[in-house]
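In what follows, a structure is listed as structure tokens, so that the remarks can point back to it.
In the UniProt record's numbering, the protein residues as written are 1 to 179.
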């Protein structure tokens with residue numbers, strides 16, 4: 001268990017947590033992103049959170065995957081990878097913020113900024129120069145938050161998933177330089 005703040009804990013996710021992870025993400029992802037997908041995101045949830053994909057992600061040495069606990073309640077997930085650069089554009093010596101999802105009931109309580117500060121500390125302590133992430137172009141709430149945290153848009157591209165509703169395929173890469 002990692003404690004980046006007195007009320008905030010990060011519990012490493014293991015294979016045995018598969019059902020808990022999948023159920024949590026159904027509660028968090030579906031309300032925020034169902035309108036992006038022709039099937040309300042069912043296919044995407046199964047793609048990302050099936051047991052085989054979880055095993056693959058946990059086996060990668062560069063991956064760090066956690067449940068986020070606030071006041072002893074599991075409220076979200078955090079996954080970051082380093083060193084890691086996107087395929088679409090070179091970002092050397094960088095950390096990818098792969099997943100940060102919080103239950104909607106916790107939005108606006110200052111939890112996400114504490115997590116972002118923790119990530120910066122981890123990146124700096126590992127000698128990394130940049131943190132980058134991908135955000136859906138049509139997900140304004142997330143993009144506004146990341147921009148407020150100092151992230152800048154550096155690249156945009158189209159995801160090739162057939163199950164997107166028309167107009168929701170665009171994704172953006174944002175980065176924050178730490179030095």
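Cβ coordinates follow ideal geometry from the N, Cα and C atoms, glycine included.
- Scanning the stretch 123-166 from its first residue to its last, the whole beta strand (DSSP E) runs of 3-plus residues come out as 130-136 and 152-158.
- The way I'd put it, the stretch 127-139 does touch the stretch 79-99; three or more beta-carbon pairs between them come closer than 8 Å.
- Per DSSP, residue 45 is one residue of the alpha helix (DSSP H) stretching across 42-49.
- The stretch 11-18 makes contact with the stretch 65-73; the number of CB pairs closer than 8 Å reaches 3 or more.
- Following the DSSP letters along the chain, one finds residue 24 inside the alpha helix (DSSP H) bounded by residues 18-33.
- Residues 130 of the same chain have their beta carbon placed closer than 6 Å to that of residue 177, with the five preceding and five following residues left out of the count.
- Its chain contains 133, 135 and 174 as the residues whose beta carbon lies nearer than 7 Å to that of residue 146, once the 5 sequence neighbours on both sides are disregarded; these appear in chain order.
- In this structure residue 97 touches residue 80 by the C-beta definition: roughly 5 Å separates them, less than 8 Å.
- With respect to residue 74, residue 26 sits apart: the two C-beta atoms are not nearer than 9 Å.
- Here DSSP, grouped into helix, strand and coil, assigns residue 74 to strand.
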